[in-house]
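Let me begin by presenting the structure, written as structure tokens, before commenting on it.
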Amino acid sequence: MSRFFPLCILFVSAFVAPASAAVKTIEVVSEVETPVETRGVVLGEACKFGVVPRIVITKPPINGALLVQTEVVRIPDSDPTCSGKVSRAAVIYYKSVVGYRGSDSFSYEEVPNSGEVFEIDIDIK
Numbered sequence: 018m019s020r021f022f023p024l025c026i027l028f029v030s031a032f033v034a035p036a037s038a039a040v041k042t043i044e045v046v047s048e049v050e051t052p053v054e055t056r057g058v059v060l061g062e063a064c065k066f067g068v069v070p071r072i073v074i075t076k077p078p079i080n081g082a083l084l085v086q087t088e089v090v091r092i093p094d095s096d097p098t099c100s101g102k103v104s105r106a107a108v109i110y111y112k113s114v115v116g117y118r119g120s121d122s123f124s125y126e127e128v129p130n131s132g133e134v135f136e137i138d139i140d141i142k
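Dropping the structure here:
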């Protein structure tokens, strides 16, 4: 086991709800591809970056589509140790079907951190 494992902290962007939140609700504009979730990992006080989690969609949206890709993101001010630095993260984008307004939802989990399923409700305007 790596000696750095106990120092692992989860990097959470402004888009990510606390782990205790059962469901996160996001508002988006119809037909506009919108980032709805960002997940990345930073290891310890040296701000060295870990493996970007693989996102597995466990329940896809009915009224739209998802795109998951790895991007470089800026670490938010809420992380005082690594604030302002950049990291790679998995970003989930949502886009509704043409003309749809209303609600949608999807669920996902992170691999290798399997076990916790994250639910996202989407309010499409």
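In this text, residue positions in the sequence shown follow our numbering: the first is 18, and each later residue adds one.
The C-beta atom is built at its ideal place from N, Cα and C for all residues, glycine as well.
Apply the 10 Å Cβ neighbour rule to Thr75 and answer buried if 16 or more other Cβ atoms are within range, or exposed otherwise.
exposed
How about Asp94: is its C-beta nearer than 8 Å to some C-beta of chain C?
Here chain C cannot be found, since the structure has a single protein chain.
Going by C-alpha to C-alpha distance, which of Val49, Glu54 and Glu88 sits closest to Tyr125?
For the set Val49, Glu54 and Glu88, the Cα lying nearest the Cα of Tyr125 is the one of Glu54.
Contact the region 101-114 vs the region 78-87: 3+ CB pairs below 8 Å
yes
Beta carbon of Val59, beta carbon of Val68: below 8 Å?
no
To the nearest angstrom, report how far apart Tyr117 and Ser104 are at their CA atoms.
34 Å
CB of Thr40 within 8 Å of CB of Asp138, strictly
It is worth fixing the name first, because residue 40 is Val in this sequence and not Thr. Yes; because the gap between Cβ atoms is below 8 Å, this pair is in contact.
Compute the Euclidean distance between the alpha carbons of Pro78 and Ser120, then round it to the nearest angstrom.
Straight-line Cα distance between these residues: approximately 10 Å.
Using the Cβ count rule (16 or more neighbours within 10 Å means buried), how would you classify Ser100?
exposed
Would you list, in sequence order, the uninterrupted beta strand (DSSP E) runs of no fewer than 3 residues that lie entirely inside the region 73-100?
81-91
Are there 16 or more other CB atoms within 10 angstroms of the CB of Arg91, so buried, or fewer, so exposed?
exposed
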